[in-house]
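Each residue of the sequence shown is one higher than the one before, counting from 1 in the UniProt record's numbering.
The block underneath contains the structure these notes are about, expressed in structure tokens.
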Amino acid sequence: MDRCDVRKQVKILENMERISNWLIEMGGAKDKKDKMVKRYVRNILKRKYKRYKRMGVLNIEGKLDGGVGRLSDLGYYELKARKEVEEVLRDSKLCGSGLELERIFKEYMDVHLCSGYKEFLRWVHKLEADKTKFRYLEYLNELKEYLCRLMKIKYFRMFKRLMASRMEIIKKIEAQRYIEKDFTKEGGFPKVYCLGCSREVAGSVLKYHLKGKKHSKKGDGEVLYSDIETLEAENLIRRAFSVLDRERKYSISLFSRRKKLVGDGVPKWKRKQKDLDIEFECEICGYLGYGRDGFDRHFGEDLHRKCVEEYGIRYSPIFKGITRIGTLIRMKDRVEESESYSEEFEDRDGNVFDRRTYEDLKRNNLI
């Protein structure tokens with residue numbers, strides 16, 4: 001080993017030692033949420049340790065290309081883990097006991113054809129839906145993305161096995177049912193989706209579509225092979241739901257308990273205590289329901305956050321409680337105005353001004 005390789009090896013061993021010390025020093029968890037964060041941090045650190053171990057072997061063999069990357073401090077990994085955990089497990093699902101599928105249920109009602117959320121939770125793992133629509137593939141991708149994120153946080157080992165089996169699923173599908181190159185043969189793709197032209201094309205006429213003028217004008221757009229994409233997503237979702245079956249059943253019981261709170265059998269005093277006799281409405285995301293708890297909870301849900309971001313506003317706790325679009329726009333202007341006063345600028349003489357004053361003076365050539 002030359003001097004450069006020795007330096008690399010020393011850096012690799014130092015980083016491995018730092019990771020080992022962090023794993024030893026990590027204390028016990030205070031609550032259920034903190035326990036999940038700590039577990040996720042350990043998974044990140046273990047992956048980092050294995051990566052440096054592989055790098056060390058490659059370096060000794062003389063096959064390591066490039067330098068050794070800098071290792072961030074423990075605080076960075078803890079903050080990253082906390083953000084990811086809070087993003088997936090929010091509000092009543094904070095400890096990962098249930099699934100948060102309300103947004104997918106509302107957005108794809110024309111695909112899954114379930115009339116209520118409870119019915120959707122009961123049948124979602126069987127994937128009984130209108131498979132003729134191309135939106136079915138979008139629905140599967142959304143569902144797959146959410147379940148994979150949840151598994152990554154809660155069941156990391158199972159998540160790794162699921163991702164490792166992904167290529168096996170694709171190989172089985174291609175070997176059994178599909179021919180990748182010849183679209184005209186029997187058993188080829190019945191439908192494909194051209195992203196460049198944003199339309200579905202029959203597999204038998206795909207080669208003519210790719211040579212056509214309309215497709216050529218829009219450039220070489222990517223083509224999705226609908227059936228392979230769909231079958232791969234369905235297999236992954238079914239495997240994910242087999243792991244998350246307990247969480248799905250808990251979500252059904254949680255929804256039933258909430259529904260009982262607004263039923264006719266609730267005593268009058270409890271209705272008044274929980275504001276169950278008052279109807280709450282949100283103009284921004286279309287929420288409509290009874291009870292203060294559910295109304296307050298909906299501000300932290302993905303659907304409300306996405307609807308706020310559609311108006312060009314980055315969601316923050318300042319906007320919690322606002323239900324009217326006009327009020328939201330006025331609040332946005334007020335926040336931007338306050339930011340313009342809080343930001344400071346300095347001229348050549350060392351005089352400090354707020355942003356608005358500085359721009360006014362500069363516009364009039366006074367500084």
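All C-beta atoms, glycine included, are put in the ideal place defined by N, C-alpha and C.
- With distances taken between CA atoms, Arg248 lies nearest to Phe120 out of Leu74, Phe280, Phe120 and Lys53.
- CA-to-CA, the gap between Tyr290 and Met36 works out to about 32 Å.
- Asp354 carries a strand assignment under DSSP once its states are collapsed to helix, strand and coil.
- Glu283 is the residue among Lys144, Leu254, Glu283 and Thr357 whose C-alpha sits nearest the C-alpha of Thr327.
- From the listed residues Arg70, Lys118, Leu79 and Asp333, the smallest Cα separation to Ser253 is found for Lys118.
- According to the DSSP assignment, Gly28 belongs to no beta strand (DSSP E), since it is labelled neither H nor E.
- Judged by pairs of C-beta atoms under 8 Å, the segment 232–248 touches the segment 134–142, as three or more such pairs exist.
- Residue pairing by DSSP puts Leu288 in a beta bridge opposite Glu281.
- DSSP lists Phe353 as the beta-bridge partner residues of Phe345.
- Just so you know, the alpha carbons of Val124 and Cys114 end up roughly 9 Å apart.
- The alpha-carbon separation between Leu13 and Leu71 amounts to approximately 12 Å.
- In this structure, Ala233 is the residue among Phe280, Lys80 and Ala233 with its C-alpha nearest to the C-alpha of Ser165.
- Distances from the CA of Asp5 to each of Leu303, Ile325 and Lys63 were compared; the closest alpha carbon is that of Lys63.
- Exclusion of the five residues before and after Lys46 leaves no residue of its chain whose Cβ lies closer than 6 Å to its Cβ.
- It is roughly 20 Å from the alpha-carbon of Arg355 to the alpha-carbon of Arg330.
- In the displayed model, Arg324 falls within coil according to three-state DSSP, outside both helix and strand.
- Contact between the segment 37–57 and the segment 22–29 is established, with three or more Cβ pairs separated by less than 8 Å.
- Here Val335 has Ile318 as same chain residues with Cβ atoms under 7 Å from its own Cβ, once five neighbours each way along the sequence are excluded.
- With a cutoff of 9 Å on beta-carbon distance, Phe280 and Phe299 are scored as not near each other.
- Using a Cβ-Cβ distance cut-off of 8 Å, the segment 15–27 and the segment 46–60 are in contact, since at least three pairs of beta carbons, one from each stretch, lie closer than that value.
- Secondary structure at Tyr136: helix, using DSSP grouped into helix, strand and coil.
- A contact between stretches requires three or more CB pairs, one per stretch, nearer than 8 Å, and the segment 79–88 meets this requirement with the segment 145–157.
- Within a 10 Å sphere around the beta-carbon of Thr230 sit 16 or more other beta-carbons, which makes this residue buried.
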